[in-house]
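Let me begin by presenting the structure, written as structure tokens, before commenting on it.
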Amino acid sequence: MEAKILKTMPKIAVLTFPGNNCEMETRRAIMESGLSADIVLWNSPPSLLREYDGIVIPGGFSFEDRGRSGVVAAAEPIMDTVREMAAEGKPVLGICNGAQILVESGLVPGFTPGKVEMALARNERVKDGEILGTGYYHNWIHIRPTGRKTPFSLFQESISLPIAHGEGRFFTDPRIEDHIEKNHQIVFQYCREDGKVVSGFPVNPNGAFSNAAGICNAQGNVLALMPHPERSPHGHVVFDSLTRYLKSPQILVKKKVAISDLEREHVEKYKPCHIELFVRLKITDNAEKTLERVARKKWGSPVSTERFTFWGINVAKGVAGADFRPLAESIIRSGELLNDHKERVSVRIGGHWFSFDKNTGLRECLPPEWETPFLSFERKDIIGESFHHKIRKHVKGADISSVSHGIFWNVTGVSFQDAANDTLFANPYSEYLVPVNR
């Protein structure tokens, strides 16, 4: 009798990528809700994944969050099968890093199949105008269902769950945001303990629009959820809901929403700063090498990449021809923007290039040889704003007006236009690319 029950029990695949670390507790939570669950590796044959009635992608740090959380996993071949199963109506849940993978795969919000239409951007914790933090944050929060019926939200009570992420801020174009809200695709919202939705930190722990903690696709069967239901007994209602749905399917509100004329134009231009620092690791940059591997899969050419952290510093009363070298040396020696034990820096001031040595300081050098150089900037540069305050405290007497932070890429084998039309080097809803003059 037991074997017969197990044979007919709905089966869930806990789809795991290298770096995920929540697969065991996710599987356990699913099984405690009355379903069968197996851990399925990302390199399993598609035919194996197709045997399951639903998919849960657990949290963690797939591929060490190299490049951008979820972007490398989203490029793995197994995600094509996930897209196909989602299109067939099978339930798919992404938790934290799993949510990031679903967004980077174009499955959420899912208006245009296969097209990335939103981002899970860097956390933004601002209170009373003060930047409290920009990166990883963990705490207990409360969420409430909005009433949108999905396989994972067939309950009414607000629940307490933990969060643990650095990039959890749902962010997109205002027009897409409007479609998401009108189509009732926000499934869970951050709220107070009493269930009231209040904007701002700490109720909204990452700055997501409309306090969004979980967003589904238009059809309602795919959910990107940032908090961790598998880590709390209160979260079992999410998996109990999935059990109810699979054992007695509920009628979901299925809509197909077309969005036209939402192509983002790459019109941003970069204006050189008074001082520009290009910081590169002395040791192997794993993020650089991983994105290089993905780029070679995408473009099928002998692509190579060089990755630098970029800092641009402007001075309030800077004038053409001013000697900013002493200021540049002071900034470098402050240790705020780089660690010279593990990083090296190239400096550009007024079109001239300099190398830096901690004993001799800046020395003019030949400009680097670039093929396709471009910068990736976050649309809201909260890291630059944060370090602006730090630099002003460490470097006295300099009226530094702004600090910009970005990632500089030099790529061979790919044109700038090809890179700008793709989402590998930047998610267009939270970041943008600009070419750099050689």
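Letter 121 of the sequence shown, counting from 1, is numbered 783 in this note's numbering, and no numbers are missing. The beta carbon of each residue, even a glycine, is placed where N, CA and C say it ideally should be.
*Below 8 Å between beta carbons: does that hold for Asn785 and Arg831?*
yes
*With DSSP run on the structure shown, which of helix, strand or coil describes Gln1079?*
helix
*Measure the Cβ-Cβ separation of Thr1034 and Phe1078 and say whether it is below 8 Å.*
yes
*Supposed contact pair Val1007 and Val1057 - C-beta distance, whole angstroms, cut 8 Å*: With a Cβ gap of about 16 Å, Val1057 and Val1007 do not count as contacting.
*Classification of Lys1055 by the beta-carbon crowding that lies within 10 angstroms, buried from 16 upward*: exposed
*In terms of residue numbering, what span does the alpha helix (DSSP H) encompassing Trp961 cover?*
Asn948 to Trp961
*Within the same chain, show all residues whose beta-carbon is closer than 8 Å to that of Asn801, passing over the 5 residues directly before and after it, in chain order.*
Pro824, Ile825, Pro864 and Pro867
*Where does Arg787 land, buried or exposed, given buried means 16+ other C-beta within 10 angstroms?*
buried
*asked:* For a quick check, are the C-beta atoms of Pro672 and Lys951 less than 8 Å apart?
replied: no
*Compare the beta carbon distance of Glu1093 and Phe1039 with 8 Å and say whether it is the shorter of the two.*
yes
*Assign Glu927 to one of two classes, buried (16 or more other C-beta atoms within 10 Å of its C-beta) or exposed (fewer than that).*
Unreliable placement is indicated for Glu927, whose pLDDT of 46 sits below 50; no coordinate value is reported for it.
*Name the two residues that bound the continuous alpha helix (DSSP H) containing Tyr907.*
Start and end: His898 to Lys909.
*Near Val900, which residues of its chain fall below 6 Å by C-beta distance, leaving aside the five closest residues on each side in sequence?*
For Val900, where only same-chain residues beyond five positions count, the Cβ hits under 6 Å are Phe814 and Pro891.
*Would you mind giving the Cβ-Cβ distance between Leu989 and Ile937, rounded to the nearest angstrom? I have them listed as a contact below 8 Å.*
7 Å
*asked:* For Phe871 and Ile805, I'd like the C-alpha separation in whole angstroms.
replied: 14 Å
*Express the C-alpha separation of Ile994 and Leu1000 in angstroms, rounding to a whole number.*
7 Å
*asked:* Which complete beta strand (DSSP E) runs does the region 994 to 1082 hold, if anything under 3 residues is left out?
replied: 1005 to 1011, 1014 to 1019, 1023 to 1027, 1034 to 1040 and 1062 to 1074
_Span of the alpha helix (DSSP H) around Ser698_ = Counting along the chain, Ser698 falls outside any alpha helix (DSSP H), though it belongs to the beta strand (DSSP E) covering Ser698 to Leu703.
*Whole-angstrom C-beta distance between Met888 and His827, which should lie under 8 Å*: 6 Å
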